[in-house]
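There are 2 protein chains.
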Amino acid sequence: MNEYTLRAVGHVESTLTERAAAPRQPDEGAPDAWLVFDDRYVAALDGLLPGTDVLLLTWLDRADRDTLTVHPRGDVSRPLAGVFATRAPDRPNPIGLHLVHILAVAGNRVHVRNLEALDATPILDVKPLLAPDSTQR
Amino acid sequence: MNEYTLRAVGHVESTLTERAAAPRQPDEGAPDAWLVFDDRYVAALDGLLPGTDVLLLTWLDRADRDTLTVHPRGDVSRPLAGVFATRAPDRPNPIGLHLVHILAVAGNRVHVRNLEALDATPILDVKPLLAPDSTQR
């Protein structure tokens, strides 16, 4: 009950292959990467433009879904916090949310800057930024 | 293959009950609403603070998952666009992403301002804002 089925629409191609080596945030050294979409979803990419920023939603398939509290950033000197107050990948529904800059679009492939997702991470969705006319704060 | 199971962690309590009446964006008249979490997830709420903004992820359970292109904002005078370039609810994985302001936290219930999600919409996740120290652009 109250369960829903996600279907991957593509996957990440990246040089990042190990969770231990992955940066926690994209500004901490994440590499450029390719988003590779299944051919059946190419029509949904129409309108994605190089030079723009979008939100990428992924499925963090290596996360632990039973974790409810964590030490922020894995620092045990910091008190435990509920996962809904953190961006830890371990959480009941491990959906990754990434702000990415589109470098190029080529058929079913989208090249993006500084993506902290691991290679082969399933892609769920792409959305325009929230509130594009505001500062988003 | 390439399917994943989401489990609702709670649901929205709102006066909005019909999709036709729902505003397309929260600044277009969305009411305040309650996020009601299942008791087993209360520990994950620890650290959510009134007066702060968070990202709410929902499952848009009344969406059409076979739609790949739409007229933006339902305006047929506008050319079709791929759903990944729009925020239309109809899309392969209809995950709703909402920027909400927390008004109050009371046990398993969180009161938020201006939420455009319909009553009974399943809740998937809550996350801090992207890049809290930047303008997010």
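Those protein sequence lines, which keep their order, are chains A and B.
Going by the numbering used here, the residue at position 125 of the first sequence is 158; the numbering climbs one at a time, nothing skipped.
Going by the numbering used here, the residue at position 112 of the second sequence is 145; the numbering climbs one at a time, nothing skipped.
Here a beta-carbon is modelled for each residue, glycine too, at the ideal position from N, C-alpha and C.
In whole angstroms, what is the alpha-carbon distance linking residue i and residue j?
{"i": "A/I135", "j": "B/N126", "result": "21 angstroms"}
{"i": "A/A54", "j": "A/D99", "result": "23 angstroms"}
{"i": "B/P56", "j": "B/L89", "result": "17 angstroms"}
{"i": "A/G80", "j": "B/A121", "result": "13 angstroms"}
{"i": "B/L151", "j": "B/T50", "result": "5 angstroms"}
{"i": "A/N35", "j": "A/E46", "result": "32 angstroms"}
{"i": "A/R52", "j": "A/R124", "result": "15 angstroms"}
{"i": "A/I128", "j": "A/L82", "result": "24 angstroms"}
{"i": "A/V159", "j": "A/D86", "result": "10 angstroms"}
{"i": "B/A153", "j": "B/A137", "result": "19 angstroms"}
{"i": "B/P64", "j": "B/E149", "result": "7 angstroms"}
{"i": "B/L157", "j": "B/D94", "result": "12 angstroms"}
Does residue i come out as helix, strand or coil in the three-state DSSP assignment?
{"i": "A/L78", "result": "helix"}
{"i": "B/A139", "result": "strand"}
{"i": "B/F52", "result": "Sequence inspection shows Arg at residue 52 of chain B; the Phe mentioned does not correspond to that position. Of the three classes helix, strand and coil, the one that applies to B/R52 here is helix, per DSSP."}
{"i": "A/R111", "result": "coil"}
{"i": "A/D99", "result": "coil"}
{"i": "B/R40", "result": "strand"}
{"i": "B/D72", "result": "helix"}
{"i": "B/R106", "result": "helix"}
Should residue i go down as buried or exposed, given a rule of 16 or more other Cβ atoms within 10 Å for buried?
{"i": "B/P155", "result": "buried"}
{"i": "B/V109", "result": "exposed"}
{"i": "B/R111", "result": "exposed"}
{"i": "A/T119", "result": "buried"}
{"i": "A/A41", "result": "buried"}
{"i": "A/T91", "result": "buried"}
The segment 68–76 of chain B / the segment 141–156 of chain B touching (three or more Cβ pairs under 8 angstroms): yes
Could you list the residues in the segment 147–159 of chain A with a C-beta less than 7 angstroms from some C-beta on chain B, going in chain order? P155, L157, D158 and V159
Contact between the segment 71–88 of chain B and the segment 107–124 of chain A (3+ Cβ pairs under 8 angstroms): yes
Which residues, in order along the segment 117–146 of chain A, keep a beta-carbon less than 8 angstroms from a beta-carbon of chain B? Residues are counted here when their Cβ sits less than 8 angstroms from a Cβ of chain B; for the segment 117–146 of chain A these are F117, A118, T119, R120, R124, P125, N126, I128, L130 and L132, given in chain order.
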